[in-house]
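Numbering follows my numbering, in which position 102 of the sequence shown is assigned residue number 106; successive positions increment by one, without gaps.
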Amino acid sequence: LSSNLAVSSSNGTNRLWVVNQDNDSVSVFNSNTDIKITEIAVGKSPRSIAVAPDGRIWISNKANSSLSIVNPTTLQLQQTINLPPSSQPFGLAFAPDGSAGYVVLEAAGKLLKFDPVSGATITSLTIGSNPRHIAIQNDSNKILVSRYISPPLPGESSATIQTNGHQGNYGGEIFVVNAGTMTIDKTIVLQNSDKQD
5 LSSNLAVSSS NGTNRLWVVN QDNDSVSVFN SNTDIKITEI AVGKSPRSIA VAPDGRIWIS
65 NKANSSLSIV NPTTLQLQQT INLPPSSQPF GLAFAPDGSA GYVVLEAAGK LLKFDPVSGA
125 TITSLTIGSN PRHIAIQNDS NKILVSRYIS PPLPGESSAT IQTNGHQGNY GGEIFVVNAG
185 TMTIDKTIVL QNSDKQD
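Laid out in structure tokens, this is it:
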């Protein structure tokens with residue numbers, strides 16, 4: 005599950021890693037004592053953080069389209085991986101079985117699959133506009149990608165917005181991606197709420 009928080013353990017110390025989106029950094033806390041250990045500079049506008057299978061800490065940086073990798077032992081920035089220019093990486097997660105890492109490129113409308121050790125791109129899938137977060141099933145076979153902005157609804161520019169029609173419901177979307185083939189198995193349309201704001 006992509007998040008701006010991550011937990012890890014190193015030499016018996018439990019750690020909480022927190023993305024500082026407006027400070028271009030990540031803070032590390034000892035979660036046993038709640039004391040801040042350090043703050044590490046990463047790329048511009050970091051958004052998500054994840055612990056790789058080898059224990060390294062990966063961060064997606066939206067503004068400069070990169071991934072930062074932090075060494076959990078030295079607490080230093082170890083490597084920066086550049087992604088396609090202006091792609092705006094957002095959601096970041098690793099498959100539970102350790103086989104791959106995934107990052108959502110919000111501006112490019114893509115899901116990128118990469119090697120969890122080298123960071124080399126394995127393949128990518130065009131999802132559509134405004135994807136942001138991802139979740140991976142326990143068996144590592146399915147990836148769920150959510151859209152930040154719902155597609156325009158029929159009648160949205162008028163006083164009569166249609167939330168359903170002959171093809172089913174209209175609304176927010178979650179794409180179910182087959183991790184092996186990197187294809188969209190289905191699209192889940194979220195139910196529209198008709199409750200008062």
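Ideal placement from N, C-alpha and C gives every residue a C-beta, glycine not left out. Treat the numbers as computed from the prediction; the structure is a model and nothing was measured.
Anticipated Cβ contact below 8 Å, V30 with V23, distance rounded: With a Cβ gap of about 6 Å, V30 and V23 count as contacting.
contact_flag[the region 82–93, the region 139–150] where n(CB pairs < 8 Å) is 3 or more: no
Sheet register partners of E43 (DSSP bridge): Secondary-structure assignment with DSSP links E43 through a beta bridge to S31.
N-terminal and C-terminal residue of the beta strand (DSSP E) that T77 is part of: Unbroken run through T77: none, as it is neither H nor E.
Ordered list of beta strand (DSSP E) runs contained in the region 97–137, each at least 3 residues: 105–109, 114–118 and 125–130
Own chain residues within Cβ distance below 6 Å of L129, not counting five before or after: L115 and M186
Cut-off 6 Å between Cβ atoms - residues of its own chain near G176, not counting five sequence neighbours on either side: Excluding positions up to five away in sequence, the list reads S154 and L194.
N65 and K40 closer than 8 Å at C-beta: no
7 Å Cβ shell around S103 - same chain, five flanking residues per side excluded: S144
Backbone CA spacing between I73 and T17 [nearest angstrom]: CA-CA distance, I73 to T17, rounds to 20 Å.
Separation of I61 from N75, as counted between CA atoms: 7 Å
Contacts around D189, its chain only, beta-carbon distance under 6 Å, and the 5 residues preceding and following it disregarded: V180 and N182
V108 versus V149 - alpha carbon distance: 8 Å
C-alpha gap between P100 and A56, whole angstroms: Answer to the nearest angstrom: the Cα atoms are 10 Å apart.
Span of the beta strand (DSSP E) around I63: I61 to N65
Residue nearest to G105 in terms of C-alpha spacing, selected from L79, P93, P120 and T191: P120
CA nearest to the CA of S35, picked from A97, Q25, P50 and S14: From the listed residues A97, Q25, P50 and S14, the smallest Cα separation to S35 is found for S14.
K117 to I178 span [Cα, whole Å]: 18 Å
Q200 - DSSP class collapsed to helix/strand/coil: coil
Coil, strand or helix - K146 by DSSP: strand
8 Å CB neighbourhood of E110 in its chain, flanking five on each side removed: K66, S91, Q92, P93, F94, N134, P135, R136 and Y152
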